[in-house]
Structure formats: structure tokens, C-alpha cells
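A short worksheet on the structure shown next.
Numbering (the numbering used here), first residue to last: 204 to 401.
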């Protein structure tokens, strides 16, 4: 087992990869078109790390990386794994981003939250745009489920991982998440019945 590295693995949304250093995950790449693209993106971000394949050389990855990979597979097959104890290098991100990511780690599969709701939890609704920026910089997609954040109008918003909003929608569909705002009291029905014509 090595103390630094990158492990590539296949999923139902395409090739993914996890990078780690010492005792923490430092990054993840998801949903690229092919393994060479995943490899390129991870090598661009972490040029000093060696890459291995989970299928060929899983023994090189620490247990916490293998466990994270198992949880990603579980999530992508409809499960509800808990990533809250996954060791992430949150010390490498700005404080506001870390706070946003910690809020997201509390969400269960299928739950969604709005940018504004995250800003309110941070104590300042004016931070909605900063929340969006933090999500765009998320180095741990899927583990830190930025795909579960939608606009207050039910629109998906952005998604910086490969495939953009198509990948985001696919993840939300796998989780059977509600992607539209909650219905109002009357479920969009008219307040009175139309007149009878008989």
C-alpha cells in the first residue's frame, strides 16, 4: 500500500478516480467519457501522484479509499451510503467552502437543497452566489454531493463535473430525488372547480 496515489475505477456514469495523500482523499473526478480523460484530468490536478486501476491494483489503495470507492458504487446503484466520516482533505479548501461541504455531507441520497437554504444555514442569505462558487470548486464530487443542490425555482443550476447538468440530472435520477420545487398547498390545482356545462 502506498501513501499517495490515484485510483481509477469504472461506474455506471463512466470512469471515475480518487486521489489521496497520506490519510485523506484530496480529490475526485467523475463521469468522464473514457478512462484516458479521467487519467488526464487527475494527472493535471495531481501531477506528482501515481495512477493505478482499482481492478488491477486495488491493494495499493488504502482501506479508506477502497471504502470510498465501494460507497460510490453503492450510491450509483441506488443505495444510501454515509460519506460523513470519509477522510477528506477539507483543510485544503477555503473556510466558506468547507462549511458548505459539511452541510452537504449531512444530506441523504435523494434529498435536495437550494443554494439559498445553504446560505441561510450559513447565517447569511446573501451568500447564495458564494455557495454556487464553492460548489463549482468542489474537489470531491459525489462524496460531497454538490449534485443535490438545485435552484429555488426547481432548475438544476450548474454542475462543474464532466457532462455538466446531464450528469447532475443522471445522479439525481439514480437517487430518485425530487428535482422540482415542492407543490403549493393545492398542488397547483385551481382554487374552485370550473362551472358545469350541462
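Backbone N, C-alpha and C fix where the C-beta goes; we use that ideal spot for every residue, glycine too.
- Inclusion of residue 332 and residue 318 in the CB contact set at 9 Å is warranted, their separation being smaller than that value.
- Taking the Cα of residue 208 as reference, the smallest distance to any Cα among 236, 215, 234, 248 is reached at 248.
- Residue 224: member of the beta strand (DSSP E) spanning 219-224, first to last residue.
- For residue 325, the secondary structure class from DSSP, reduced to helix, strand or coil, is coil.
- In the DSSP assignment, residue 339 falls within the alpha helix (DSSP H) that extends over 331-339.
- Here the alpha carbons of residue 324 and residue 306 stand approximately 8 Å from one another.
- Ranked by Cα distance from residue 362, the options 374, 224, 264 are led by 374.
- Within the same chain, 351, 380 come within 8 Å of residue 314 by CB-CB distance, once the 5 residues on both sides are set aside.
- Nearest in C-alpha terms to residue 222, of all of 206, 215, 216, 235, is 206.
- Here DSSP, grouped into helix, strand and coil, assigns residue 305 to helix.
- Closest in alpha carbon position to residue 365, among 214, 210, 349, 233, is 233.
- The residue from 376, 229, 359, 291 with its alpha-carbon nearest to that of residue 316 is 359.
- Around the beta carbon of residue 236, fewer than 16 other beta carbons lie within 10 angstroms, which makes this residue exposed.
- A check of alpha carbon separations from residue 211 across 225, 271, 226 identifies 271 as the nearest.
- With a cutoff of 9 Å on beta-carbon distance, residue 240 and residue 213 are scored as not near each other.
- When the beta-carbon positions are compared, residue 245 and residue 282 stay at least 9 Å from each other.
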